[in-house]
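Residue numbers (full-length UniProt numbering): 1 to 249.
Shown next as structure tokens:
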């Protein structure tokens, strides 16, 4: 294996990784073979062993490649959301649409599930999948906040696990709608794992803005100082009349 230090080498290596990613989505990790990858990338057969030490290296890179593509699509859908307080069903539907998309790519979803299974058998894949999961958690926090929902790391991790499980089961049933399967699974737990944020009532806001009563005997800043006004009028009248108040004052 040789480092792809030159621009040409980097481009070739990227083509091989993209080709391996396509094969992973189409046929799983078993489809990643030197000849198949080189043929898909339209490069010489020796190029795979030139840039990668083993098939395992190619598999790791292919999984990382598909994770990046998957995350980019999920992020784009999440970024397009508007902020609004949403109920249980609406929030579950939003999460399913963000995680699956309007036109589910069954091969990409299968690769998503397979990557987690591969990570359980290959310690080298664990860091890639852990990093991917953490980024998914961040996206979930953002989506839930836009829906007026509270969340924390542990509860979001449970939500994501439920989502992955619903996808795996729906894929195994072949003809089941994956978005609907995830939405229904989330509806049962969303209020417990991501409860609606509590909004302060208008009365509480008004009470918080109102100054505390003044116990020093000074007038409230929002009330007229009647005693002071009476004193000012008396002093003004006295000054104008030589000190004697007119009758009837």
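Glycine included, C-beta positions come from ideal geometry on N, C-alpha and C.
Here the structure is a predicted model, which means the values were calculated and not measured.
Reduced DSSP category for residue i - H, G, I as helix; E, B as strand; rest coil
i: residue 194; result: coil
i: residue 149; result: strand
i: residue 110; result: helix
i: residue 45; result: coil
i: residue 128; result: helix
i: residue 123; result: helix
i: residue 216; result: With a pLDDT of only 49 at residue 216, under the threshold of 50, the placement of this residue in the model should not be trusted; the figure read from the coordinates follows. Residue state, collapsed to three classes: coil.
i: residue 82; result: coil
i: residue 103; result: coil
i: residue 175; result: coil
i: residue 155; result: helix
i: residue 134; result: helix
i: residue 162; result: helix
Residue range of the unbroken alpha helix (DSSP H) whose run includes residue i
i: residue 74; result: 55-79
i: residue 89; result: 88-100
i: residue 7; result: 7-27
i: residue 185; result: 178-187
Anticipated Cβ contact below 8 Å, residue i with residue j, distance rounded
i: residue 20; j: residue 61; result: 6 Å
i: residue 186; j: residue 162; result: 7 Å
i: residue 125; j: residue 119; result: 4 Å
i: residue 14; j: residue 23; result: About 15 Å; that fails the 8 Å criterion.
i: residue 37; j: residue 49; result: 10 Å between Cβ atoms; not a contact.
Classification of residue i by the beta-carbon crowding that lies within 10 angstroms, buried from 16 upward
i: residue 80; result: exposed
i: residue 110; result: buried
i: residue 198; result: exposed
i: residue 76; result: exposed
i: residue 74; result: buried
i: residue 10; result: exposed
i: residue 65; result: buried
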